[in-house]
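For what it's worth, my numbering labels the leading residue of the sequence shown as 1, then goes sequentially. Even for Gly, the Cβ is constructed at its ideal location relative to N, Cα and C. Notes for the one structure printed next.
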Amino acid sequence: MLSQKTRYAIRALQHLADRYRQGPVPLNEIATRQNIPAKFLTVILSEMSREGLVATQRGRDGGYWLALAPIDISYGDIVRLTRGSLALTPCASRFAHESCTNCLPESECRLHRVMLRVRDETAKVLDGISLAEPLGLAEEVE
Numbered sequence: 001m002l003s004q005k006t007r008y009a010i011r012a013l014q015h016l017a018d019r020y021r022q023g024p025v026p027l028n029e030i031a032t033r034q035n036i037p038a039k040f041l042t043v044i045l046s047e048m049s050r051e052g053l054v055a056t057q058r059g060r061d062g063g064y065w066l067a068l069a070p071i072d073i074s075y076g077d078i079v080r081l082t083r084g085s086l087a088l089t090p091c092a093s094r095f096a097h098e099s100c101t102n103c104l105p106e107s108e109c110r111l112h113r114v115m116l117r118v119r120d121e122t123a124k125v126l127d128g129i130s131l132a133e134p135l136g137l138a139e140e141v142e
């Protein structure tokens, strides 16, 4: 399940993608339109700025904008930056691997093999969709 932080980050970056190349977007605009607490949004956008996805300008005409083109930011990137991993279990994480406690050795664990496959398929989907994708509200998920 995606954390609230991840969902907020995705919505904020989608908002910035919609306003790409239109100049700085005020924090209050993003917070209001995306229904994100302003204090939490500040933390999220600061983190995205440190990671190079967002640029910022202070002052009266300041705000936030995407530092990269929307096509260059995948949903997989955002989830990894906010969650640390796409894996559902610690033993299936590619970059934050940990052996599961109270489990079989990974070489014998069938759940481990399933979770590796889930991680890879999830990565394939999320890495294949960028913020530039015109995902409409009317589209249905099958």
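Selection from the options that minimises the alpha carbon distance to residue i
{"i": "Ser-3", "options": "Pro-134, Met-48, Glu-98 and Ile-78", "result": "Ile-78"}
{"i": "Ala-162", "options": "Gln-57, Asp-61 and Gly-84", "result": "The question about residue 162 has no answer, for the chain in this structure spans 1 to 142."}
{"i": "Pro-26", "options": "Tyr-8, Gly-59 and Phe-40", "result": "Gly-59"}
{"i": "Gly-128", "options": "Ser-49, Pro-70 and Thr-6", "result": "Pro-70"}
{"i": "Cys-103", "options": "Ala-96, Cys-91, Val-43 and Gln-22", "result": "Cys-91"}
Distance, residue j Cα to residue i Cα
{"i": "Glu-139", "j": "Ile-73", "result": "Note that Glu-139 scores 46 on pLDDT, short of 50, meaning its location in the model is unreliable; the coordinates nonetheless yield the value given after this. When rounded, the distance between both Cα atoms is 21 Å."}
{"i": "Leu-16", "j": "Tyr-64", "result": "8 Å"}
{"i": "Glu-142", "j": "Ser-130", "result": "Any reading at Glu-142 must be qualified, since the residue scores a pLDDT of 44, below 50, and its modelled position is unreliable; no value is offered."}
{"i": "Ala-12", "j": "Met-1", "result": "19 Å"}
{"i": "Asn-28", "j": "Gly-52", "result": "21 Å"}
{"i": "Arg-19", "j": "Thr-89", "result": "36 Å"}
{"i": "Arg-119", "j": "Ala-38", "result": "32 Å"}
{"i": "Ile-10", "j": "Val-125", "result": "15 Å"}
{"i": "Gln-14", "j": "Tyr-75", "result": "10 Å"}
{"i": "Cys-100", "j": "Gly-62", "result": "46 Å"}
Cβ separation of residue i and residue j, assumed to be a contact under 8 Å, to the nearest whole Å
{"i": "Leu-86", "j": "Ala-132", "result": "Rounded, the Cβ-Cβ distance is 20 Å, inconsistent with contact."}
{"i": "Leu-45", "j": "Val-54", "result": "6 Å"}
Residue i, DSSP secondary structure in three states
{"i": "Thr-122", "result": "helix"}
{"i": "Tyr-8", "result": "helix"}
{"i": "Gln-22", "result": "coil"}
{"i": "Ser-107", "result": "coil"}
{"i": "Thr-101", "result": "coil"}
{"i": "Gly-84", "result": "coil"}
{"i": "Ser-46", "result": "helix"}
{"i": "Thr-56", "result": "strand"}
_For the structure I just gave you, are there three or more beta carbon pairs, one from the stretch 107-121 and one from the stretch 26-40, closer than 8 Å?_
No, because fewer than three Cβ pairs between the stretch 107-121 and the stretch 26-40 fall closer than 8 Å, the two stretches do not touch.
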